[in-house]
Amino acid sequence: MYPTLFEENKLLLIDRLDQAYFPAANIPSEYLPLIIPFAGLYYEQDDDYNVLTQHIQLGPFSLWLHDVFASKDIVLRPYTPFHIWALHFMYEDTLRAELVKTNTFTLEERQCNLFNLYSHMPRVPMQGGKKILSFHINILPSDLMVLVQQYPGLFYLANKRVQRKSSVINEKPYRINAVCNMLIQSVLSCRYIEAPAVYFLQRCCLDLFLNFSQQDAISDEIRPPTEAQTALFNQIFTYLTEHPHINHTVQEVAKMFDMPGVKLAQGFRAHFSVGITPFLHMLKMMMIYHTLMQKACTLRDLALIGGYTRIEDMVRDVEKHYGCNLAALRRSM
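Heads up: the sequence shown begins at 1 in UniProt numbering, then just goes up one per residue.
Encoded structure:
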């Protein structure tokens, strides 16, 4: 079903035809803190390396995490049995991939790229003693075209011209910005299972694609920020994420940080590839969702927490954001 490799070459399946998961009880105990409760697991080990793979199917998104540790020098051979686009985020170390004999590509730590992948096995040498976390979301190109109809923010990405061979779709790699890192950490720390996990994690995957699409669309327009600008907008980001229960307007935030509203809006989008108003809405939706999952509270309580005067408005926004039925979700808890 899959290629057979020998010696230092190690097959890394980045998607699969079927999902025959590994029993969680057989996973070494040192990996248990890394496991997402709702994920299906795979574990492989030999004298050269070990790898914990986690997978969750979320509507059109196929979410994969690979924790790889090489005890000796190895060559990872990533493989997908069918054509996919893979939005990839690299953590913990840097590797150099050989996509074809004449084309190498560096997978830098804390960088993200969108790959157009066929059933081809690039070479990714990995030195002994290195450890990486590879986080990627796969989607069929046809499914991305369907999503565009509901989420126009994906239009730019879905209409990119691609080669008929495995390749990087974006012209240059991008740093994992603070919003993407927040979403990824929300995935890694998610303790929900069944329907609550599906709705929450699927929205995180969608927001990661939307953010990357925006980052790719505006990359040529963005000037490199100064250290002072970066420090200021990181301060704004930290404040907003630490106070999601406060209903800010853009003008209130601008006044708080002593800058014009237009400058705040433009700078926020440039730094984080999302408008500040959609980001404030994202934080509010996440806060309401987590409160719903973790506390016994009424819809009126949720509305008050989210700053709504009408329960119906809160329900409408949450259901639209997460694509769920709130009443059914509450019954499933």
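Quick reminder that beta carbons are idealized off the backbone N, C-alpha and C, glycines included.
| query | result |
| --- | --- |
| Assign Met314 to one of two classes, buried (16 or more other C-beta atoms within 10 Å of its C-beta) or exposed (fewer than that). | buried |
| Using only alpha-carbon positions, find the residue among Tyr192, Ala228 and Leu114 that is nearest to Tyr174. | Leu114 |
| DSSP three-state label for Arg16, please. | coil |
| Please look up how many angstroms separate the CB atoms of Ile222 and Ala270, rounded, as I've assumed it's under 8 Å. | 5 Å |
| Return the residue from the list Thr238, Lys172 and Lys295 that minimises the CA-CA distance to Glu108. | Lys172 |
| With a 10 Å radius around its C-beta and 16 neighbouring C-beta atoms as the bar for buried, classify Pro3 as buried or exposed. | exposed |
| Which residue or residues does DSSP assign as beta-bridge partners of Ile137? | Leu63 and Leu87 |
| Using a threshold of 8 Å, state whether the C-beta atoms of Phe82 and Asp18 are closer than that. | no |
| Counting along the chain, where does the beta strand (DSSP E) carrying Lys105 start and finish? | The displayed chain sequence assigns Phe, not Lys, to residue 105. It spans Asn103 to Leu107 - the beta strand (DSSP E) in which Phe105 sits, taken as one unbroken run. |
| Kindly indicate the opening and closing residues of the beta strand (DSSP E) around His290. | Looking at the DSSP string, His290 is not in any beta strand (DSSP E); the run it does join, the alpha helix (DSSP H), is Ile276 to Gln294. |
| Taking the alpha helix (DSSP H) that Pro196 falls in, what are its first and last residues? | Glu194 to Ile218 |
| Going straight from the alpha carbon of Phe279 to that of Phe209, what length do you get? | 14 Å |
| Look at the Cβ atom of Pro122, then the Cβ atom of Ser167, and state whether they are nearer than 8 Å. | no |
| When you compare only the Cα positions, how much space is there between Asp220 and Arg110? | 20 Å |
| DSSP on Ser119, reduced to helix/strand/coil? | coil |
| At what residues does the alpha helix (DSSP H) containing Glu242 begin and finish? | Glu227 to Glu242 |
| Determine the closest residue to Gln45 out of Leu87, Phe38 and Ile27, with distance taken between C-alpha atoms. | Ile27 |
| Kindly indicate which three-state DSSP category Met333 falls into: helix, strand or coil? | coil |
| Buried or exposed: where does Asn159 fall if 16 or more other Cβ atoms within 10 Å of its Cβ makes it buried? | exposed |
| Below 8 Å, can you find three or more Cβ-Cβ pairs linking the region 195 to 204 to the region 222 to 234? | no |
| Should Ala70 and Gln54 be called a contact, given that it needs their Cβ atoms to be closer than 8 Å? | no |
| Taking only beta-carbon atoms, is His248 less than 8 Å away from chain D? | The chain inventory of the structure shown lacks chain D, comprising one protein chain alone. |
| Helix, strand or coil for Asn50 per DSSP? | strand |
| Taking the straight line between their C-alpha atoms, what separation do you get for Pro141 and Val318? | 28 Å |
| Report the start-end ranges of each alpha helix (DSSP H) in the region 241 to 266 that is 4 residues or longer and not cut off at the edges. | 250 to 256 |
| For Met256, count the other beta carbons within 10 Å of its own beta carbon; 16 or more makes it buried, fewer makes it exposed. Which is it? | exposed |
| If Lys131 sits next to Asp73, beta carbons under 8 Å apart, how far is it from one beta carbon to the other, in whole angstroms? | Contact doesn't hold; Cβ gap of about 14 Å is too wide. |
| Less than 8 Å between the beta carbons of Leu87 and Val124, yes or no? | no |
| May I ask you to report which of helix, strand or coil DSSP gives Asn181? | helix |
| If the criterion is Cβ atoms closer than 8 Å, does the pair Ser213 and Tyr156 meet it? | yes |
| Could you check whether Ser119 and Val68 sit closer than 8 Å to each other, using their CB atoms as the reference points? | no |
| Run through DSSP, which three-state label would Glu92 get? | coil |
| Please classify Pro196 as buried or exposed, where buried requires at least 16 neighbouring CB atoms within 10 angstroms. | buried |
| How many whole angstroms separate the CB atoms of Leu11 and Tyr79, which I take to be in contact at a CB cut-off of 8 Å? | 6 Å |
| Closer than 6 Å by C-beta to Gly306: which residues in its own chain qualify, once you throw out the five before and the five after it? Chain order, please. | Lys284, Ile288 and Met314 |
| Could you give the DSSP three-state label for Arg77: helix, strand or coil? | strand |
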